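*Asks:*
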Amino acid sequence: MHIAVVGSGYVGLVTGACLSDFGMDVTCVDKDEKKIAMLQRGEVPIYEPGLDGLIAKNAKAGRLRFTTNVAEAVERALAIFIAVGTPPREDGSADLSYVIEVAETIAAHLNGYKVVVTKSTVPIGTGQLIEQIIREKSGGRFPFSVVSNPEFLREGSAIEDFMRPDRVVIGARDPQAIAIMKDIYAPLYLIETPFVITNVESAELIKYASNAFLATKITFINEVAILCEKLGADVHHVAKGMGLDRRIGPKFLHPGPGYGGSCFPKDTRALTDIARQAGYRFGIVETVVEVNEKIKARMVDKIRTACGGSVSGLTVGVLGLAFKPETDDMRESPAIPIVTALVKEGARVRAFDPAAMDNAKEVLPATVEYCQDAYDAATGAHCLVIITEWNQFRSLDLERLKGLLARPLVVDLRNVYEPDKMREAGFAYECVGRAA
Ligand code: UGA
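Using my numbering, the first residue of the sequence shown is number 855, and each one after it goes up by one.
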């Protein structure tokens, strides 16, 4: 089966590479000529473990190609996946102009029955809008179906999430389109992946509701962590005790400096906007958005207090800048407000991240110094702050670290280390939600 994936960003590339690995004949399209030229040369413009190998393998097998020629790709395909960006507007609502542009292009090149699949996270009702655009612009010349098939990929483990998903959600009315979608995902039937077949609106809402729920879970444990600090409890034990209840589940109960990334902040805001437009104030999610901002600000208070009330004139070493490990993505990373506040309050910041430093330079204050490794960032620092839990920060040589720091103070915003061990090793140690 011929498939076109329009938009060769993160979602598009992962989808294209994985579908070609399922045996589909896939053309990935993007209007960015530089990006397509890179991909044609075998270079992958984003950092995602395993993606370059998968692209190389399937490109070599002739099942995966890259082009800027959207017309040709659309004409050839039976299924067209829309995987273009839906960036947030000023007011938090999703900007659909790229999706609309693709729908218009599809309409212009419709040459037979096609299934148009939205992969991008789109507001509820977008499926209908796409259908309307294609119907009007194509003049009803050919039949087509619109399907919502939201992705649930996590950066850093996107390939695994695609190949072994917890579920596949397919929102469609037309039985022919549902049958085609099932064909495309046939390898997942073999591993008994549950399929949720529903209408387009429900599928669109599943995506937002899932992300907002996960963001709520994280925010909930972040607030429990605050209580733990005040009451002498240990948030790890509380989270474990809660998570063993199967109705709650153990995942996404790890406290930290607030959720970030390209999805949770955008999707929580968009869902509150969607709800308001539907005439309802989605109170829980609005509060989650608000509390997450407070959590980030609270991390700055924590560092300031650990430093004796002020960071002015001090050197702060920062380990990890990306919004989470195994990615170079700085979008909405908690490191941005934290480092920016430290610099504003007069600290000299020396930072290290294994992958995100190039992107960090674009969004962090110009005075931030970028280091060779964790030890370099610690050298001469009065306080060492762990913001992202990269594996390489989990087993640092503590003796060496102590020797390099101007003051043996570690503020661990991801609870990478055990408080007792750090204190035994001679550090003043602060973490999240684990009272001494
Ligand atoms: C998230 C969802 O997990 C995916 O299912 C979804 O497909 C994706 O958004 C999307 O909508 O495209 P992602 O943003 O890549 O994936 O990253 P997560 O691993 O979910 O982490 C998001 C944020 O929450 C990070 O800042 C992370 O540090 C934080 N987090 C996560 C915690 O603070 N505690 C946790 O227990 C888990």
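Here a beta-carbon is modelled for each residue, glycine too, at the ideal position from N, C-alpha and C. None of these values were measured; they are calculated from a predicted model.
Which one of Gln1030, Gly863, Cys1161, Gly993 has the shortest CA to CA distance from Ala1235?
*Replies:* Residue Cys1161 is the option with its Cα nearest to Ala1235.
*Asks:* Cβ of Asp1037 within 7 Å of any heavy atom in the ligand UGA?
*Replies:* Because no heavy atom of the ligand UGA lies under 7 Å away, the Cβ of Asp1037 does not count as near it: no.
*Asks:* Check for me: the alpha helix (DSSP H) holding Thr1126 runs from which residue to which?
*Replies:* Per DSSP, Thr1126 belongs to the alpha helix (DSSP H) from 1118–1131.
*Asks:* Counting only the same chain and skipping the five closest in sequence on each side, list residues whose C-beta sits under 6 Å from that of Leu964.
*Replies:* So the qualifying residues of the chain are Ser992, Phe996.
*Asks:* Terminal residues of the continuous alpha helix (DSSP H) containing Glu1055?
*Replies:* Note, Glu1055: alpha helix (DSSP H), 1054–1085.
*Asks:* Is it the case that the CB of Ser1292 approaches a heavy atom of the ligand UGA more closely than 7 Å?
*Replies:* Given that the chain is displayed from residue 855 to residue 1290, the structure contains no residue 1292 and the question cannot be resolved.
*Asks:* If you draw a straight line from the alpha carbon of Pro1048 to that of Leu1042, how long is it in whole angstroms?
*Replies:* Straight-line Cα distance between these residues: approximately 9 Å.
*Asks:* Quick check: the Cα distance between Thr940 and Thr1122, rounded to an integer number of angstroms?
*Replies:* When rounded, the distance between both Cα atoms is 14 Å.
*Asks:* Using 8 Å as the threshold, is the stretch 1159–1178 in touch with the stretch 888–895, meaning 3 or more CB pairs across them?
*Replies:* Too few Cβ pairs lie closer than 8 Å, so no.
*Asks:* From Phe935, Ala913, Glu990, Pro1208, pick the residue whose C-alpha is nearest to that of Leu863; which is it?
*Replies:* Checking the displayed sequence, the identity of residue 863 turns out to be Gly instead of Leu. Of Phe935, Ala913, Glu990, Pro1208, the residue nearest in Cα terms is Phe935.
*Asks:* Is it buried or exposed, Ser1249, if we count other Cβ atoms within 10 angstroms and call 16 or more buried?
*Replies:* Exposed, by the Cβ-count rule.
*Asks:* If you measure from the CB of Ile1072, is any heavy atom of the ligand UGA nearer than 7 Å?
*Replies:* Correct: Ile1072 has its Cβ closer than 7 Å to the ligand UGA.
*Asks:* Please list the terminal residues of the continuous alpha helix (DSSP H) segment that includes Thr1194.
*Replies:* Counting along the chain, the alpha helix (DSSP H) containing Thr1194 begins and ends at 1189–1198.
*Asks:* Classify Glu1058 as buried or exposed, calling it buried when 16 or more other Cβ atoms lie within 10 Å of its own Cβ.
*Replies:* Result: buried.
*Asks:* Can you look up Tyr1283 in the DSSP assignment and give me helix, strand or coil?
*Replies:* Strand, per DSSP.
*Asks:* Within the same chain, show all residues whose beta-carbon is closer than 8 Å to that of Cys872, passing over the 5 residues directly before and after it, in chain order.
*Replies:* Leu908, Ile1013, Phe1016, Met1017.
*Asks:* Could you tell me whether any non-hydrogen atom of the ligand UGA is closer than 7 Å to the CB of Asp1207?
*Replies:* Checking the Cβ of Asp1207 against the ligand UGA gives no.
*Asks:* Please classify Asp1266: is it buried, with 16 or more other beta-carbons within 10 angstroms of its beta-carbon, or exposed?
*Replies:* Asp1266 should be labelled buried.
*Asks:* Please list the segments of the alpha helix (DSSP H) lying wholly inside the stretch 886–912, counting only runs of 4 or more residues, in order along the chain.
*Replies:* The stretch 886–912 contains these whole alpha helix (DSSP H) runs: 887–894.
*Asks:* Note the first and the last residue of the continuous beta strand (DSSP E) segment covering Cys872.
*Replies:* It is not in any beta strand (DSSP E) - Cys872 instead sits in the alpha helix (DSSP H) that spans 864–875.
*Asks:* Check whether the Cβ of Gly1114 sits closer than 7 Å to any heavy atom of the ligand UGA, and report yes or no.
*Replies:* Correct: Gly1114 has its Cβ closer than 7 Å to the ligand UGA.
*Asks:* Within the same chain, show all residues whose beta-carbon is closer than 8 Å to that of Lys1256, passing over the 5 residues directly before and after it, in chain order.
*Replies:* Around Lys1256: Pro1262, Ala1279, Gly1280, Phe1281.
*Asks:* Please report the distance separating the alpha-carbon of Phe1247 from that of Gly1171.
*Replies:* Cα to Cα, the separation comes out at about 13 Å.
*Asks:* Using CA coordinates, which residue listed in Phe876, Pro899, Asp875 is at the minimum distance from Asp884?
*Replies:* The shortest C-alpha separation from Asp884 is found at Pro899.
*Asks:* Among Tyr952, Ala1232, Lys1105, whose alpha-carbon lies nearest the alpha-carbon of Ala1260?
*Replies:* With distances taken between Cα atoms, Ala1260 lies closest to Ala1232.
*Asks:* Using three-state DSSP, classify Thr980 as helix, strand or coil.
*Replies:* Reduced to three states, the DSSP call for Thr980 is helix.
*Asks:* Leaving out five residues on either side along the sequence, give the residues of the same chain with a beta carbon under 7 Å from the beta carbon of Ser947.
*Replies:* Excluding positions up to five away in sequence, the list reads Ala1124, Asp1127.
*Asks:* Within the continuous beta strand (DSSP E) that includes Val1000, where are the two ends?
*Replies:* Residues 998–1002.
*Asks:* On the three-state DSSP scale, how would you describe Lys1178?
*Replies:* It is coil, neither helix nor strand.
*Asks:* Can you grab the Cα-Cα spacing for the pair Thr959 / Met855, in whole Å?
*Replies:* Rounded to whole angstroms, Thr959 to Met855 spans 21 Å at the Cα level.
*Asks:* Following the continuous alpha helix (DSSP H) through Leu1252, name the residue where it begins and the one where it ends.
*Replies:* Its alpha helix (DSSP H) spans residues 1252–1258.
*Asks:* For my contact list, Ile1038 and Ala933 are in at a C-beta cut-off of 8 Å; report their separation, rounded to the angstrom.
*Replies:* Yes, they are in contact, since the Cβ atoms of Ile1038 and Ala933 sit about 6 Å apart, within 8 Å.
*Asks:* Measuring alpha carbon to alpha carbon, tell me which residue in Glu1272, Cys1285, Met878, Val924 is nearest Gly916.
*Replies:* Checked all of Glu1272, Cys1285, Met878, Val924; the closest Cα to Gly916 is Met878.
*Asks:* Give the DSSP bridge partners of Cys1237, in chain order.
*Replies:* DSSP output for Cys1237 lists Val1170 as bridge partner(s).
*Asks:* Assuming contact is defined by CB atoms lying nearer than 8 Å, are Val1302 and Ala1201 in contact in what I supplied?
*Replies:* Since the displayed the chain opens at 855 and closes at 1290, residue 1302 lies outside it and no answer follows.
*Asks:* Helix or strand or just coil, what does DSSP make of Tyr1229?
*Replies:* The answer is helix: DSSP assigns Tyr1229 an H, G or I state.
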